[in-house]
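Counting from 1 along the sequence shown, just add 55 to a position and that's the residue number in this note's numbering. From the three backbone atoms N, C-alpha and C, an ideal C-beta is built for every residue, glycine too. Predicted model, so just to flag it, every value in this text is computed and none were measured.
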Amino acid sequence: MNILVTGATGYIGPFLIERLKKEGHLVSILVRKQSDYNRLECSGYNCFLGDVTNPNSLKGIFNNIDVLFHLANIASWWLPNNQTYYDINVGGTINLMEEARNADLKRIIHISSIAAIRQPDGAIADEESEHKGDFESHYSRSKFLVEKEIRKYLKIGLPIVTLSPGVVTGPNDTKTFGKTVVGIANKKVKAKFFPDSYIPLVYIDDVVEMMIKGINLNVGEKYIVVGENIKIGDVFDKVCRIIGKEPITKITPGVFLIFISYFSELVSFFTKKRPSLP
């Protein structure tokens, strides 16, 4: 099949396009940077230079394309300008869906996030859950708004399937969950934080497997893609056990972390630099 992937230079993208290529699909990639274009073209992928926030750059990208995997989004927990979340995550999705209305796609695999359906503490979300509105970040709110737009495009006939992964981790994860694991292993993280809070982990290979299956799922279906809800404290214990390190017993008080988080945000407001804590 002829498949187009957006967001192929993020964490999930490289694993997906490699798997698609191995299965014999003709893979095209939407990229913003000329350097990414040159690198991926040399690796055997067909590339389009474009930007999801610029609808004119998307004209004709779905010509001869059967399936779209839409991964492009900003998932950072902090940005100097919060409007960027909405311009890329919401506006970018709308621009792609509008262009898709002029095409004959068989499937659109939209990659959402469990952040879009987060529930109050103690409540377990399922595919029918909706966010209660207490957004913990602009990222979460933007993904919630994207899902509202997706429902609109489903109603007018676009063949969309939605997958909502948890916290994705695996090889080369050095920016999100993996950063904490590495910090525990190299002893830079010396105390547990929020040990009784749960984190919904999912391994990258499982996410890619579900994405591949998404091609044959029924239009309108939505799936949460999570492997295990695990306590953060248990993550610390498992990492220490695997590397043969003494368990970390010190716990940083949650109140202290929240104070530091707010203080970091205040400093970042003036410096426009990434805060030390989300």
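If I measure Cβ to Cβ from Phe325 and keep anything under 6 Å in the same chain, skipping five residues before and after, which residues do I get? The residue given as residue 325 occupies position 270 in the sequence shown. Note that Phe325 scores a pLDDT of 44, beneath 50, so its modelled location is shaky and nothing firm can be said.
Using 8 Å as the Cβ pair cut-off and three pairs as the minimum, do the segment 76–89 and the segment 136–148 touch? no
Own chain residues within Cβ distance below 8 Å of Glu301, not counting five before or after: Within the sequence shown, the letter at position 246 stands for residue 301. Result list for Glu301: Cys295, in chain order.
CA-CA distance, Phe124 and Ile72? On the sequence shown, position 69 is the one that residue 124 refers to. On the sequence shown, position 17 is the one that residue 72 refers to. Those two C-alpha atoms are separated by around 10 Å.
Looking at C-alpha atoms only, which residue of Tyr92, Tyr100, His165 and Phe70 is the closest neighbour of Leu81? Within the sequence shown, numbered from 1, the residue matching residue 81 stands at position 26. Selected option, being the one with the closest Cα: Tyr100.
So, is Gly147 buried or exposed, given that buried needs 16 or more other C-beta atoms within 10 angstroms? Here residue 147 refers to the residue found at position 92 when the sequence shown is read from its first residue. Burial call: buried.
With distances taken Cα to Cα, identify the nearest neighbour of Arg94 among Ile67, Ile120 and Ala63. Within the sequence shown, the letter at position 39 stands for residue 94. It is Ala63 whose Cα lies nearest to the Cα of Arg94.
Element boundaries [alpha helix (DSSP H), containing Glu264]: Within the sequence shown, residue 264 is the residue found at index 209, counting from 1. Residues Ile259 to Gly269.
Can you list, in chain order, the stretches of the beta strand (DSSP E) that have 3 or more residues and sit fully within the segment 93–135? 101–104 and 122–125
Between Phe190 and Ile172, what straight-line distance do the alpha-carbon atoms span, to the nearest angstrom? Taking the sequence shown and counting its residues from 1, the one referred to as residue 190 is at position 135. Taking the sequence shown and counting its residues from 1, the one referred to as residue 172 is at position 117. About 10 Å.
In this structure, does DSSP put Glu78 in helix, strand or coil? Within the sequence shown, numbered from 1, the residue matching residue 78 stands at position 23. It is coil, neither helix nor strand.
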